[in-house]
Amino acid sequence: MQELSEKRDDVEEALSAARERGAQFADIRLESSDGTSISAKDGITKINSSNELGAGIRAFLEGAWGFAYTTEVDHRGLTDCAERAVSLAKAVYERAEKFSIEVPAFEDTVKTAVQRLPTQVSIADKLGYVLRQEREAKEADKRVSSTEIGYTDIVLHKIIANSEGTYVDETVVRSIARAMVFAKEGALRQSGYKAKGDSKGFELFLDGADIGRTAGTQAISLLDAKPAPSGQFDAVLDPSLSGVFAHEAFGHASEADAIISGTSILAGKLTQKIGSEAVTIVDDPTLPSYGYMGYDDEGIQTRRKVLLERGILQTYLTDIETGSRLGLGTNGSARAQRYDAPPIVRMSNTFFEPGDYAFDELLEGFSGIYFIGWQYGYTTPTTGMFTFKSREAYAVEHGELRDHLRDAALSAMTLEILHKINAITRTLSFDPGTCGKGGQMTPNTTGGAYMRVSDVVVGGI
Amino acid sequence: MTHTEREATLLEICTRALALVDTSIYQGEAFATHSNSVSAELEKGKIKSSQSGFESGIGIRIFKDGSMGYAHASLERVEFAVKQAISASRAGRPDKDFKSLPPAERYPIVSGTWDNTIASLDVSTVAQLAIDVAEASRIDKRIDIVNSGASVGQWSDAIANTFGVSGTDSGTQAALDVDVIAHKGENSGNGFEYAASRRFDFDVDSVGSAAGEMALRSMNPQPVQSGKMPVVLDPLAVGSIIAAAVTVSAEDAQRDRSFLTGKIGEHIAVSEFTIVDDGLLSGGLETSPFDAEGVPSQRTPLVERGVLRSYLYDSYTANKEGTLSTGNASRGDFRQPPSISPTNLVIASGAEANVIEDVGHGIYIRATGDRPNPSTGEFSGMVYAGYAIEDGELEHALKQTNIGIDVLDLLQQIEGISREVKTYFSLTTPTVRIRDVSVASSG
Chain A
1 MQELSEKRDD VEEALSAARE RGAQFADIRL ESSDGTSISA KDGITKINSS NELGAGIRAF
61 LEGAWGFAYT TEVDHRGLTD CAERAVSLAK AVYERAEKFS IEVPAFEDTV KTAVQRLPTQ
121 VSIADKLGYV LRQEREAKEA DKRVSSTEIG YTDIVLHKII ANSEGTYVDE TVVRSIARAM
181 VFAKEGALRQ SGYKAKGDSK GFELFLDGAD IGRTAGTQAI SLLDAKPAPS GQFDAVLDPS
241 LSGVFAHEAF GHASEADAII SGTSILAGKL TQKIGSEAVT IVDDPTLPSY GYMGYDDEGI
301 QTRRKVLLER GILQTYLTDI ETGSRLGLGT NGSARAQRYD APPIVRMSNT FFEPGDYAFD
361 ELLEGFSGIY FIGWQYGYTT PTTGMFTFKS REAYAVEHGE LRDHLRDAAL SAMTLEILHK
421 INAITRTLSF DPGTCGKGGQ MTPNTTGGAY MRVSDVVVGG I
Chain B
1001 MTHTEREATL LEICTRALAL VDTSIYQGEA FATHSNSVSA ELEKGKIKSS QSGFESGIGI
1061 RIFKDGSMGY AHASLERVEF AVKQAISASR AGRPDKDFKS LPPAERYPIV SGTWDNTIAS
1121 LDVSTVAQLA IDVAEASRID KRIDIVNSGA SVGQWSDAIA NTFGVSGTDS GTQAALDVDV
1181 IAHKGENSGN GFEYAASRRF DFDVDSVGSA AGEMALRSMN PQPVQSGKMP VVLDPLAVGS
1241 IIAAAVTVSA EDAQRDRSFL TGKIGEHIAV SEFTIVDDGL LSGGLETSPF DAEGVPSQRT
1301 PLVERGVLRS YLYDSYTANK EGTLSTGNAS RGDFRQPPSI SPTNLVIASG AEANVIEDVG
1361 HGIYIRATGD RPNPSTGEFS GMVYAGYAIE DGELEHALKQ TNIGIDVLDL LQQIEGISRE
1421 VKTYFSLTTP TVRIRDVSVA SSG
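Next up, the structure:
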């Protein structure tokens, strides 16, 4: 691990250089990371050791941002980079929309509390976990034909400082493992998936819970599943799908950069009722889940944000720029993939608050499709039309599970479906994932409980 | 430093790294790269930000008895990266299917991959390009919101391994994107267009106006009557559905994870359908003299007149099967070891001047975000942007419409291929009409 804590003078001098060159505001993110990725595909291992050191610097001038990055983090490298960021802003600011920004300042040092720091766990132990999951997956059934287990950890140390006096020193630790298992019977092929990830160290994998067998069992069970029907149905979503719903169909629309650029269906809807009483959606970076951050990538202390409360839109996710332009202030929602990308408005841990139903009550008298597990999903931001595909599903008749279904897709319009959510269970659970926006990937968590929705479009084959 | 001088420096760093590898125990590969880029982003017609970045680094791949260790670092920390990769390779499991990294070979000469204009562009010019494409999209007073972006970049790479592979390459690339929203009263429509090229040769007006036209056409979406009907795939949708389905990595085939496993030599599509992976395509975005492990690039027919001819191979999967690599090892950046992926894909054009004129009732799919399930070959997905076709004409935009079909059925039901082709990123393809697809629509 590179020692960043001794760089305060260099960082502050680079920020002064940016101010002297004409920036109205400048900030810097200095990052150093150590990580390990291990994959095992049908017994073949690949081990990737990752070390990064670099800095990204932004300069703000009358509504324009210049951003530059460097891997040379000595005094001269940082100052040169700061000067480049200022020249970029100067080259374009005359063609920018003019606005000013409000920047709250923070000074703090925070560290993720972990029991087993990944940098102090041997590769052999990490590989042992991966190979154990592989074995569990293969042992799920004779028809398991191929397995793929991935493991990634990172210890990320960041200094975030700006020309308004912010100086935040944060160390984040994250670990995740994923199992993808394929099964084959005759010409039929199916796959199963399970992931487990948190802002934790290696202790995450010591609880005995396995992902390999779960994914393997799912793949096997899908071998005799039927294609999903298409048409209009009532639906029950499991926690992983309702979590993706919160993230994809609603969360992205609540990002304030989309509000400003005119690409969100939630523009102009603050304080309006856009969903049923049953619906409360929260983004909370302070939870110790995979999307955790104590400070955002603009050095703002993070907090829990209730975006939608009992159907009423409360706020957007904002960063310094969008919070200033919308008059809402920043609520600490800026994130960057790495030092070499500028922070943009992002979600963290996003979820539906649980309701007061028991699962059995949800299914009572229900006929429709019960969706389980998430494959992928996406949204058309300007219309709010979205779709996501489940791993498996069941046709349900009068509360009884009937046909087991594969590859069922659900599509709806966000502003319509939020009114159609009529029941949510008491049990909240979370799934780790990776979210892509503007070419940047960030670790996220999505969460929810079981949720019942009326009248959605189901697509099958 | 010119790009040729840069290449020499990078190659020297690779050679220095490999000198640290004990070749009696290990096989090693070093990949070094240097790139820089400039970009600008426009929000509602005004500049929002500009960026520039220099990036360089080295990626080291070490094999010990087939166990792969990988590490990357900045160019100043080569020795550290080699040590990390060696210790990672020692921790993994041996793999008897691993034979060897590729041997040294002569590289073909590629063309159209470097443009001095791009290499000398400054941020102000790039910002102006983003402004110009935004202006070009304003073809009607209903065009309301325009967001756009432009970027240019250049890079130099070097690769070497302990079997004498030694290669360098440099390239340039420019890209442009525009996203448009049209409004009238409560109605709105979204349009977009992209362009990417190795040269600075954009037709900014046609890129902008295509996005504007799409936004206008996408207003007032309506459902269509559900049922089986002809579906016309725009080049963008051909990429998501057909090209994605038929480019199968040998890794997936060998692990029996693809619906095309074991089908080499079989007629999987109509005889008018041909798709080639062409790493040598002049001016192609993925064109280079060699792939990510230093294997010479080549032109590989994947489906030829309907017959499945090849999967995509890297050296590992080729050695495992006793065949030759197709030069399809690829890497996103120096942080990742190579993995198999297509280079430039080219689908052969057909004979039709107008693929929609004979459609009485059907749909046109401009884009979908869905992909076929690679293990089953089943496709079900949402029409992200599309239009009804009535009596040979494009009509209203589609609302909440899904389609579903088995790709093997789809490939046999291709009944019209346009004469005209379009290139989106690394795919060049005609527009394609499918005879009979189930379409479900509502709202």
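So the protein lines, in turn, are chains A and B. Per the numbering used here, the very first residue in the first sequence carries number 1; after that it's consecutive. Per the numbering used here, the very first residue in the second sequence carries number 1001; after that it's consecutive. Beta carbons: idealized from backbone N, C-alpha and C, even for Gly. Treat the numbers as computed from the prediction; the structure is a model and nothing was measured.
- Taking every protein chain shown into account, the CB of A:ARG391 has 16 or more other CB atoms within 10 angstroms, so this residue is buried.
- In the pairwise beta carbon analysis, the region 352-363 of chain A is classified as not touching the region 74-86 of chain A: fewer than three pairs are separated by under 8 Å.
- If you ignore the 5 residues before and after A:ASP210, its C-beta comes within less than 8 Å of the C-beta of ARG132, GLN133, GLU136, all in its own chain and listed in chain order.
- B:SER1137 is positioned such that its CB atom lies no closer than 8 Å to that of B:VAL1165.
- For B:ARG1257, same chain residues with a beta-carbon under 6 Å away, outside a window of 5 residues either side, are SER1375 in chain order.
- Excluding the 5 residues flanking it on each side, A:TYR316 has same chain C-beta neighbours closer than 6 Å at SER254, ALA256, ILE259, in chain order.
- Contact note: A:TRP374 does not reach chain B at a C-beta cutoff of 8 Å; the least C-beta distance is about 14 Å.
- The distance from the Cβ of B:ASP1140 to that of B:GLY1212 is about 7 Å, consistent with a contact at the 8 Å cut-off.
- Distance check between B:LEU1281 and each of B:GLU1005, B:GLU1007, B:THR1428, B:ALA1196 places B:THR1428 closest, using alpha-carbon atoms only.
- For B:VAL1439, the closest C-alpha among the options A:SER175, A:GLY459, A:LEU418, A:VAL11 is that of A:GLY459.
- At a Cβ-Cβ threshold of 8 Å, B:VAL1248 and B:ILE1275 do not count as neighbours.
- For the region 1053-1084 of chain B, the set of residues with a beta-carbon nearer than 9 Å to any beta-carbon of chain A comprises GLY1053, PHE1054, GLU1055, SER1056, GLY1057, GLY1066, SER1067, MET1068, GLY1069, TYR1070, ALA1071, HIS1072, ALA1073, SER1074, LEU1075, GLU1076, ARG1077, PHE1080, ALA1081, GLN1084, in chain order.
- Cβ contact annotation for A:LEU401 (same chain, cutoff 6 Å, sequence separation greater than five): TYR394, in chain order.
- Identification of residues in the region 16-45 of chain A having a C-beta nearer than 9 Å to some C-beta of chain B yields THR36, SER37, ILE38, ALA40, LYS41, ASP42, GLY43, ILE44, THR45, given in sequence order.
- In the same chain as B:LYS1228, and ignoring 5 residues on each side of it, the C-beta atoms closer than 8 Å to its own belong to ASP1436, VAL1437, SER1438, VAL1439, in chain order.
- Shortest Cα-Cα distance from A:GLU139 to any of A:LYS98, A:ALA183, A:THR171 involves A:ALA183.
- Residues of chain A with a Cβ closer than 9 Å to the Cβ of B:ASN1220 do not exist; the shortest Cβ-Cβ separation is about 12 Å.
- In the structure shown, A:LEU266 falls within a coil segment according to DSSP collapsed to helix, strand and coil.
- Using a Cβ-Cβ cut-off of 8 Å, B:ALA1292 does not count as an interface residue toward chain A, since no Cβ of chain A sits closer than that to its own.
- Interface annotation, A:SER390: not in contact with chain B, CB-CB separation never under 8 Å.
- If one requires a minimum length of 4 residues, the alpha helix (DSSP H) runs lying completely within the region 105-172 of chain A are 123-139, in chain order.
- Each of B:TYR1384, B:LEU1411, B:GLN1412 was checked against the Cα of B:ILE1403, and the nearest Cα belongs to B:TYR1384.
- With contact defined as three or more Cβ pairs closer than 8 Å, the region 1310-1318 of chain B and the region 1084-1103 of chain B are in contact.
- Going by DSSP, B:MET1214 is part of the alpha helix (DSSP H) stretching over 1204-1217.
- Listed along the chain, the chain A residues whose CB falls inside 8 Å of the CB of B:SER1375 are PHE182, ARG189, GLN190, SER191.
- Note that the region 430-443 of chain A touches the region 189-201 of chain A; at least 3 beta-carbon pairs, one per stretch, sit closer than 8 Å.
- For A:THR322, the enclosing alpha helix (DSSP H) covers residues 320-326.
- With contacts defined by Cβ atoms closer than 8 Å, B:PRO1223 and B:LYS1399 form a contacting pair.
- At least 8 Å separates the CB of A:ASP153 from every CB of chain B.
- Runs of the alpha helix (DSSP H) lying entirely within the region 359-421 of chain A, each at least 4 residues long, are 359-363, 414-420 in chain order.
- Three or more beta-carbon pairs separated by less than 8 Å are not found between the region 446-458 of chain A and the region 218-227 of chain A, which leaves the two stretches without contact.
- In this structure A:LEU307 is buried. Its beta-carbon is surrounded by 16 or more other beta-carbon atoms within 10 angstroms.
- In the structure shown, B:GLY1053 adopts extended strand secondary structure according to DSSP, grouped into three states.
- Within 10 angstroms of the beta-carbon of A:ASN349 lie 16 or more other beta-carbons, which makes it buried.
- The residue among B:ARG1371, B:ASP1370, B:PRO1221, B:LEU1042 with its C-alpha nearest the C-alpha of B:GLU1186 is B:PRO1221.
- When the beta-carbon positions are compared, A:SER37 and A:GLU52 stay at least 8 Å from each other.
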